[in-house]
Amino acid sequence: MLVPVPGCCLMIRREAILEAGWFPASPDPRQGLPRMLELILHLHGRARTGGAPFQMALVAEPVSYVPAPKTRDELHHQIDCDQSALRAALRHRKSIAAGMGAIGWGLHALVCGRVVRPLLETALYVLTAIGIAAGVVPIKAGVLVLLCTVVTGIVISMAAVVLRELAALRGSQPDQLVRLFWAAFPENLGYRQMRNLWLVSGFLKGKPR
Numbered sequence: 426m427l428v429p430v431p432g433c434c435l436m437i438r439r440e441a442i443l444e445a446g447w448f449p450a451s452p453d454p455r456q457g458l459p460r461m462l463e464l465i466l467h468l469h470g471r472a473r474t475g476g477a478p479f480q481m482a483l484v485a486e487p488v489s490y491v492p493a494p495k496t497r498d499e500l501h502h503q504i505d506c507d508q509s510a511l512r513a514a515l516r517h518r519k520s521i522a523a524g525m526g527a528i529g530w531g532l533h534a535l536v537c538g539r540v541v542r543p544l545l546e547t548a549l550y551v552l553t554a555i556g557i558a559a560g561v562v563p564i565k566a567g568v569l570v571l572l573c574t575v576v577t578g579i580v581i582s583m584a585a586v587v588l589r590e591l592a593a594l595r596g597s598q599p600d601q602l603v604r605l606f607w608a609a610f611p612e613n614l615g616y617r618q619m620r621n622l623w624l625v626s627g628f629l630k631g632k633p634r
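In C-alpha cells, the structure reads:
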C-alpha cells in the first residue's frame with residue numbers, strides 16, 4: 426500500500442498516468458492537487474486487477490517536499506485539503522479500479538484514522554463533560570478518559586520519532602531528539618483535540634476554505 430503522505434513528494438511514470446486516464450477532472454481548478462489521491466488509488470487498482478507485476482516504493486530521502494505550514498490558518502487549510510481528497514475518493518470510489526479495495530484495507534484504514542477516530546474521540550470528550558456536569562460520570566473517570574487518549578497519542582508520537590531515526594540514513598542530533606520527544610506532550614494536550622475538530626469539519630464540508 427502506498428498513498429500520498431502529507432508532506433511527501435510523489436514520482437510517477439508518465440506512461441502509468443496516461444494509461445490510467447490522466448488526472449481526474451475537477452470542476453474547480455483549485456482542487457487538482459487534492460484529487461491526487463484518486464489517481465493513486467486508481468493506479469493501485471489497475472495494477473492489482475491487471476495481474477501484471479508492478480512496483481511502488483517509498484524512498485526515505487528528501488528529494489522534494491512540501492513546505493511545512495507556518496501559521497495556524499495554513500495548517501488548517503492543509504488539513505482541509507487532505508480531508509477533501511479523502512471525501513472525493515470515497516464519493517468517486519465506483520470510478521476507481523477495484524473500488525474500495527484498490528489498496529486492500531488501506532482506504533478503510535484512512536477513513537477510520539482520519540474520520541471515525543477523531544469523531545468518536547471528540548464525541549467521547551463531549552459526552553464525558555456532560556456526564557460530569559450532570560453528576561452521572563465521576564470526575565476520576567473523566568480524568569481517566571482524558572489520560573487514555575492523551576497517553577496513547579504521546580506514545581504514538583514518540584514511536585514515530587524512533588521509527589524516523591531507524592529509517593533515516595543520517596541520525597538526528599541528541600538535542601533535536603530531546604525536543605522532538607518533549608513536543609509529544611503539547612502535541613497531545615491541546616493540538617490533538619483541535620486537530621480532531623479540523624479533521625471532522627474538513628471531511629464534512631468536503632472542500633478547502
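At the far end of the sequence shown sits residue 634, using the numbering used here, and the numbering has no gaps. Every residue, glycine too, gets a C-beta built ideally from N, C-alpha and C. Fair warning: this is a prediction, and the values are worked out from it, not measured in the lab.
Query raised in the report: With C-beta atoms as the reference, is valine 587 less than 7 Å away from asparagine 613?
Result: No, Cβ-Cβ distance for valine 587 and asparagine 613 is not below 7 Å.
Query raised in the report: Taking the C-alpha atoms as reference points, what is the distance between alanine 592 and alanine 559?
Result: Those two C-alpha atoms are separated by around 49 Å.
Query raised in the report: Would you call the stretch 507-518 and the stretch 533-542 touching, i.e. three or more CB-CB distances under 8 Å?
Result: Yes: at least three Cβ pairs fall under 8 Å.
Query raised in the report: Taking buried to mean at least 16 other C-beta atoms within 10 Å of its own C-beta, is arginine 595 buried or exposed?
Result: The residue in question, arginine 595, is exposed, as its Cβ has fewer than 16 Cβ neighbours within 10 Å.
**Report entry** Enclosing alpha helix (DSSP H) for proline 599 [first to last residue]
**Finding:** Counting along the chain, the alpha helix (DSSP H) containing proline 599 begins and ends at 599-611.
Requested in this report: Please confirm whether glutamine 508 and glycine 627 have their CB atoms less than 7 Å apart.
Outcome: Closer than 7 Å, so yes.
Query raised in the report: From valine 568 to leucine 435, what does the alpha carbon distance come to, in whole angstroms?
Result: Distance between the alpha carbons of valine 568 and leucine 435: 42 Å.
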